[in-house]
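Chemist:
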Amino acid sequence: MYSYIPHTEEETALMLKAVGLASEDELFSDVRAAGCLLPGGLNLPEGLSEQEVLDRIRALADRNTKGICFLGAGCYDHIIPSAVRALSSLPAFTTAYTPYQPEISQGLLEAIFEYQSMICALTGMDVSNASLYDGATAAVEAAALALSDRRKTTEVIVSETVHPFTLMCLNTWAHGTSRVVKVLPEKDGVSNLCALDGMLNPQTAVFIAQSPNRYGLFEDFTGVAETVHAKGALFAVSSDPMSLAIQKSQAQWGADIAIGDAQSLGLSMGFGGPSCGYMAVRKELMRRIPGRIVGQTADDRGNRAYVLTLQAREQHIKRERATSNICSNEALCCITSVIYTSLLGWEGLKEAAVLSYDKAHYLCTGLRSLGYTIPVADGRFWCEFPVVFPSEKKMEHFIASMRKKGIFPGVRLGRLTGKPADAPVLLVAVTEKRTREELDLYLSLAKKEAR
Amino acid sequence: MDETLKVIEPLLIELSVPGRRGFKFAASDVPRAQEPDSAIRREGGVLLPQASELDTVRHFTRLASMTFGVDMGPYPLGSCTMKYNPKLNEACASLDGFTALHPLQDEDTVQGALELMYRMQESLSELVGMPCCTLAPCAGAHGEYTGLKIIRSYFHDKGQSNRNRILIPVSAHGTNPASANVNGFEVVEVASSSDGLVDMDDLRSKLDENTAALMLTNPNTLGLFETDILEISRLVHEKGGLMYYDGANFNALMGWARPGDMGFDVVHLNLHKTFSTPHGGGGPGSGPVLAKEHLRPFVPRPTVVRHKSDGRYALSWGRGRRRTKVCAFWGNFLVVVRAYAYILAMGSDGLRAASTYAVLNANYLRVSMQDIFSPAYGSLCKHEFVLGLARFREETGVSALDMAKGLIDLGFHPPTMYFPTIVHEALMFEPTESESKDTLDSLSQAMHSLCETARTDAGALHGAPVGTIIGRVDEVRAVKQPVLKYQED
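Those sequence lines, one after another, are chains A and B. Going by the numbering used here, 419 is the number at position 419 of the first sequence; the sequence numbering is gapless. Going by the numbering used here, 209 is the number at position 209 of the second sequence; the sequence numbering is gapless.
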């Protein structure tokens, strides 16, 4: 007997008899005849009781160490309201499949419609899909979308200041194919936009940039859309959606494609996943956007109703002509994020964004006054900033002494980029969750280290 | 928004009351910083709901009550493996020691998480018979993307970039050809034989020096085991190609047969199907990819290794070579935790039993309906089977869609409709091992009674479902007048 399999011995016997088989083995007579039957069993342990499983897995969870988290680089320790966890774990949401049967999926469809509405509101764009895997894969999808929309193009220009893993995902995507990923170099921690015009050419499908960028810095995209559009290419901007409560939206920059990672909207860090990638586009690109989309329509009884729509774009219809293969997305995570923004509203979201901004600036100012090198002006970053140490060794010493007091002081940028110049750079992230006490503890330890 | 329509549950934004809030932050305990430059700063606000916590709780709880999940009733949705999602999985995945973990913490602070990932890699390796594993892919299609990327890199490295064709049976899931296209491959369709299996002559004629791989689901989308699989693998390898296993249907074979032993070189699994993690209304899933030893250098990084010297676990980026990556961090870790809990709970015999009973249930359901409908192909099936209702439709005017909608009124989630496309008026049933004999009996009875209705009162089925909160939706209107977000009046 297994907890998750209901069959009694008697039922099994009755069922086998009904099928006309003498034993369970005969269910696999075709596998046997094909010469594929696995000799012996699997070399895995015997099954465990619920309590044993829980004990083992809790023991693994307990072997992980918690700390006061100043780590960011694409994943942030924000406050998650209790109602977010409670509502996003409702069994109907968790155990439903993709809502292909609208009559019994109206709730799920409406929740996704609300998510799409929220993403469109924050980004200023016209059409959002029902989520992608994460921010990095959203950038890959943006590149693919642009190549399919701009016929006969082969190349993508991406700013060097996007998240290092986003760049790796784009390079992996292009490797071994006819696609070319070119990198617009950075200057002083932001995209060297002066060099963009010279790089754009008739082969260019899209320019992809990110703000706040890999260093946490805001990018100023004034005039970029005009430059990019003048060369017939599209413009895609990746942004942490919470930051859009402070900085200009993708639509305000004139972008065609808005992408990013919605982890900051109520998703736990969860060792990096699942997260939630988002993508929204101008209406001209409505039939190019990958993934599922929910639309509002009517039923045959005069009710307002929701349904998965514009499916002619998708892989199960287009097959080998599809420019994206996405089917499973991060639906539950997108619902989580819209529950989060529903509770906060615009005012709450702005409050979280401003608190993160103010607290990051407080820490930054404090560190600077202790003599630390932070090559970024106030007002030019959101919740994350780089600290440049005299050497990697000094940085490691700093990290080690912070760790002793239970602080994870930042992310080693060099480990992400592999660039020698980044080796002594620590990325420090501060969210609204960090308290004054925690910030002052950080500063007091940094003061000792500065001596 | 069309005001002539009745609204069942308003959008939360339509219920907003200006000034209401559902969450409060502590007052700031730091000074206000200088504002961002005006060139960058966002002015004004945007419209989001303004609701109290209770408004929000009730709204989403009502939405949940308007959604059918596995916890509500039987879900025999073919090809999707809607098995029960154990609550134990959720308890494990909500442990603070996992949820509060940052992906870039120092490795000595995440030894438990890395050990779990390592053990998962090892378990999956044993299940499929392949030594290399990455847990990074976030879904089945993402696994396909990753697996084909491995194949592309392998041939690129061997100087065989001419190998640009992926052979795919005509009955395959739409994701297979889409994934091939996304990876820049050309798709060559392989015909199905009259018994629903790979047409061997057609396969032979399409294999050549430009073949990169054959993508195959086994059992296939008709629920039939590809009995020529060893010969198929031999032929593909003989031409220098590789064998890709789409693990969508692996719930039929756990502990009975392994893709690695069948000659496959690469496989992706769907943890949200075979390994009981919830589908979440469309995701998140997890699509680990496994590969044979000769493909190890091409498996995207990082993967988790265990250092023999001190037993510590680490993320390995490989030696030299290019850094390849397919997602933001290390994959959908919390989904992996759930699947690992399932593997621990089931164990070696339990996983095999899951497949045994999944196959028994499918065959029992098939036989219990054979007086009204016979499968389009074959007799003994694996975990699912496909009925073709083309003749039934001619006789009664009742379509597969009508039957599916009729099942909704009788308390069942419909089977998969109109797939695979090689079967006309297809209904694909996959009961999974989770359902009891009683449930299968009532599903069979429901199909019988719908069949009866079709012959006596077909009109009733054209209007089904009637017991749901909404009726059939106007899909054409949704496409022609797209309303894809809330619009202020």
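No residue lacks a Cβ here, since even glycine has one placed at the ideal position from N, Cα and C. Computed from a predicted structure; not experimentally measured.
What residue does the alpha helix (DSSP H) around histidine 361(A) start on, and which one ends it?
Modeler: Translated into positions along the first sequence, residue 361(A) becomes position 361. Per DSSP, histidine 361(A) belongs to the alpha helix (DSSP H) from 331–369.
Chemist: Within the same chain, show all residues whose beta-carbon is closer than 6 Å to that of serine 356(A), passing over the 5 residues directly before and after it, in chain order.
Modeler: For the purposes of this step, residue 356(A) is taken as the residue at position 356 of the first sequence. Counting only Cβ-Cβ distances below 6 Å, and skipping sequence neighbours, we find Cys383, Thr431, Glu432.
Chemist: Less than 6 Å between C-beta atoms, sequence neighbours within five positions excluded: which residues of the same chain meet that for valine 335(B)?
Modeler: Numbered from 1 along the second sequence, position 335 holds the residue referred to as residue 335(B). Result list for valine 335(B): Leu271, Thr277, Pro284, Ser286, in chain order.
Chemist: Under the three-state reduction of DSSP, which class applies to glutamate 238(B): helix, strand or coil?
Modeler: In the second sequence, residue 238(B) corresponds to position 238, counting from 1. Reduced to three states, the DSSP call for glutamate 238(B) is helix.
Chemist: When you compare the CB of glutamine 445(B) with every CB in chain A, is at least one pair closer than 8 Å?
Modeler: Sequence index remark: in the second sequence, residue 445(B) carries index 445 (1-based). Chain A contact via Cβ: absent.
Chemist: Any idea which residues DSSP pairs tyrosine 313(B) with across the strands?
Modeler: The residue given as residue 313(B) occupies position 313 in the second sequence. Answer is Arg306(B).
Chemist: So which of Gly223(B), Pro103(B), Ala353(B) has the shortest CA-CA distance to leucine 380(B)?
Modeler: Here the question's residue 380(B) lines up with position 380 in the second sequence. Nearest of Gly223(B), Pro103(B), Ala353(B) to leucine 380(B), Cα basis: Gly223(B).
Chemist: In whole angstroms, give me the CA-to-CA distance for leucine 413(A) and phenylalanine 329(B).
Modeler: Residue numbering aside, residue 413(A) sits at position 413 when the first sequence is read from its first letter. Residue numbering aside, residue 329(B) sits at position 329 when the second sequence is read from its first letter. One C-alpha to the other measures close to 15 Å.
Chemist: Thinking C-beta only, is isoleucine 232(B) closer than 8 Å to leucine 214(B)?
Modeler: Here residue 214(B) is taken as the residue at index 214 of the second sequence, counted from 1. Here residue 232(B) is taken as the residue at index 232 of the second sequence, counted from 1. A contact, by the Cβ cut-off of 8 Å.
Chemist: Which residues bound the beta strand (DSSP E) around cysteine 451(B)?
Modeler: As a working mapping, residue 451(B) is identified with position 451 in the second sequence. Counting along the chain, cysteine 451(B) falls outside any beta strand (DSSP E), though it belongs to the alpha helix (DSSP H) covering 437–456.
Chemist: Just tell me which of Ala390(B), Gly311(B), Leu269(B) has its CA closest to the CA of glutamate 126(B).
Modeler: Here residue 126(B) corresponds to residue number 126 of the second sequence, with the count starting at 1. Looking at the Cα atoms, Leu269(B) is the closest of the given residues.
Chemist: Can you name the residues of chain B whose CB is closer than 8 Å to the CB of leucine 48(A)?
Modeler: On the first sequence, residue 48(A) is found 48 positions in, with the first residue counted as 1. Going along chain B in sequence order, the residues near leucine 48(A) (Cβ under 8 Å) are Leu344, Ala345, Gly347.
Chemist: To the nearest angstrom, report how far apart alanine 245(A) and threonine 274(B) are at their CA atoms.
Modeler: Here residue 245(A) refers to the residue found at position 245 of the first sequence. Here residue 274(B) refers to the residue found at position 274 of the second sequence. Distance between the alpha carbons of alanine 245(A) and threonine 274(B) is about 41 Å.
Chemist: When the distance is taken between beta carbons, is lysine 292(B) closer than 8 Å to methionine 130(B)?
Modeler: Residue mapping note: residue 130(B) aligns to position 130 of the second sequence, counting from 1. Residue mapping note: residue 292(B) aligns to position 292 of the second sequence, counting from 1. Contact flag set, yes.
Chemist: Quick check: the Cα distance between glycine 74(A) and methionine 286(A), rounded to an integer number of angstroms?
Modeler: Indexing the first sequence from 1 puts residue 74(A) at position 74. Indexing the first sequence from 1 puts residue 286(A) at position 286. Using only the alpha carbons, I get a separation of about 27 Å.
Chemist: Taking just the CA atoms, how far does alanine 230(A) sit from glycine 254(A)?
Modeler: If you number the first sequence from 1, residue 254(A) lands on position 254. If you number the first sequence from 1, residue 230(A) lands on position 230. The alpha-carbon atoms of glycine 254(A) and alanine 230(A) are separated by roughly 13 Å.
Chemist: Can you give me, in chain order, the residues of the region 262–286 of chain B that have a beta carbon less than 9 Å from any beta carbon in chain A?
Modeler: Within the region 262–286 of chain B, the qualifying residues are Met262, Asn270, His272, Ser276, Pro278, His279, Gly280, Gly281, Gly282, Gly283, Pro284, Gly285, Ser286.
Chemist: For proline 297(B) and alanine 251(A), I'd like the C-alpha separation in whole angstroms.
Modeler: Residue 297(B) sits at position 297 when you count from the first residue of the second sequence. Residue 251(A) sits at position 251 when you count from the first residue of the first sequence. Cα to Cα, the separation comes out at about 42 Å.
Chemist: Considering Cα atoms alone, identify which of Ser268(A), Gly270(A), Gly277(A) is closest to alanine 262(A).
Modeler: Counting from 1 along the first sequence, the entry for residue 262(A) is found at position 262. Nearest option by C-alpha distance: Gly277(A).
Chemist: Should aspartate 55(B) be labelled buried (16 or more other beta-carbon atoms within 10 Å of its own) or exposed?
Modeler: Counted from its first residue, the second sequence places residue 55(B) at position 55. Counting Cβ neighbours within 10 Å, aspartate 55(B) comes out buried, since at least 16 surround it.
Chemist: Between which two residues does the beta strand (DSSP E) holding arginine 304(A) run?
Modeler: Mapped onto the first sequence, residue 304(A) falls at position 304. Unbroken beta strand (DSSP E) run through arginine 304(A): 304–308.
Chemist: Anyone know if the C-beta pair for leucine 77(B) and glutamate 430(B) falls short of 8 Å?
Modeler: For the purposes of this step, residue 77(B) is taken as residue 77 along the second sequence, with counting starting at 1. For the purposes of this step, residue 430(B) is taken as residue 430 along the second sequence, with counting starting at 1. Taking 8 Å as the Cβ cut-off, leucine 77(B) and glutamate 430(B) qualify as a contacting pair.
Chemist: Taking a cut of 8 Å between CB atoms, which residues from the region 230–253 of chain A lie near chain B?
Modeler: Cβ contacts with chain B come from Leu244, Ala245, Ile246, Gln247, Lys248, Ser249, Gln252.
Chemist: What span of residues does the alpha helix (DSSP H) with alanine 144(A) cover, start to end?
Modeler: Here residue 144(A) refers to the residue found at position 144 when the first sequence is read from its first residue. Its alpha helix (DSSP H) spans residues 135–149.
Chemist: Taking any Cβ of chain A, which residues in the region 74–89 of chain B have a Cβ under 8 Å from it, in chain order?
Modeler: Against chain A - using a Cβ distance shorter than 8 Å - the residues of the region 74–89 of chain B are Tyr75, Leu77, Cys80, Met82, Lys83, Tyr84, Asn85, Pro86, Leu88.
Chemist: If the cut is a Cβ gap below 8 Å, which residues of chain A does phenylalanine 25(B) touch?
Modeler: Locating residue 25(B) in the second sequence gives position 25, where the first residue counts as 1. Simply Ile79, Gly348, Glu351, Ala352, Leu355, Glu432.
Chemist: For the alpha helix (DSSP H) that contains proline 99(A), what are its first and last residues?
Modeler: Position 99 of the first sequence, counted from the start, is the residue given in the question as residue 99(A). Taken as a continuous stretch (DSSP letters only), proline 99(A) belongs to no alpha helix (DSSP H), as it is neither H nor E.
Chemist: First and last residue of the alpha helix (DSSP H) that includes glycine 147(B)?
Modeler: Here the question's residue 147(B) lines up with position 147 in the second sequence. Its alpha helix (DSSP H) spans residues 140–157.
Chemist: What distance in whole Å lies between the Cβ atoms of valine 188(B) and arginine 152(B), which are believed to be in contact at a cut-off of 8 Å?
Modeler: Numbered from 1 along the second sequence, position 152 holds the residue referred to as residue 152(B). Numbered from 1 along the second sequence, position 188 holds the residue referred to as residue 188(B). 16 Å between Cβ atoms; not a contact.
Chemist: Counting C-beta neighbours from all protein chains within 10 Å, is the total for histidine 102(B) 16 or more, i.e. buried, or is it exposed?
Modeler: To locate residue 102(B), count along the second sequence from 1; it is residue 102. Buried, because 16 or more other Cβ atoms sit within 10 Å of the Cβ of histidine 102(B).
Chemist: Figure out for me which residue from Val31(A), Tyr2(A), Glu24(A) has the closest Cα to the Cα of aspartate 261(B).
Modeler: The residue given as residue 261(B) occupies position 261 in the second sequence. The candidate whose alpha carbon is nearest that of aspartate 261(B) is Val31(A).
Chemist: Tell me the start and end of each unbroken beta strand (DSSP E) in the region 231–277 of chain A that is at least 3 residues and wholly inside, in chain order.
Modeler: Whole beta strand (DSSP E) segments, 3+ residues: 234–238, 257–261.
Chemist: Return the first residue and the last residue of the alpha helix (DSSP H) that threonine 487(A) is part of.
Modeler: With chain A represented from 1 up to 451, any question about residue 487(A) goes unanswered, as that position is not in the structure.
Chemist: Comparing C-alpha positions only, which one of Val57(B), Leu95(B), Thr109(B) sits nearest to arginine 403(A)?
Modeler: For the purposes of this step, residue 403(A) is taken as the residue at position 403 of the first sequence. Checked all of Val57(B), Leu95(B), Thr109(B); the closest Cα to arginine 403(A) is Thr109(B).
Chemist: Cutting at 6 Å between CB atoms, please list the residues of its own chain near serine 368(B), excluding the five before and the five after it.
Modeler: Looking up residue 368(B) in the second sequence gives position 368. Ser444.
Chemist: Take the Cβ of alanine 434(A) as the centre, count every other Cβ of all protein chains shown within 10 Å, and call the residue buried at 16 or more, exposed below.
Modeler: The sequence position of residue 434(A) within the first sequence is 434, counting from 1. The sequence shown places arginine at residue 434(A), not alanine. Buried.
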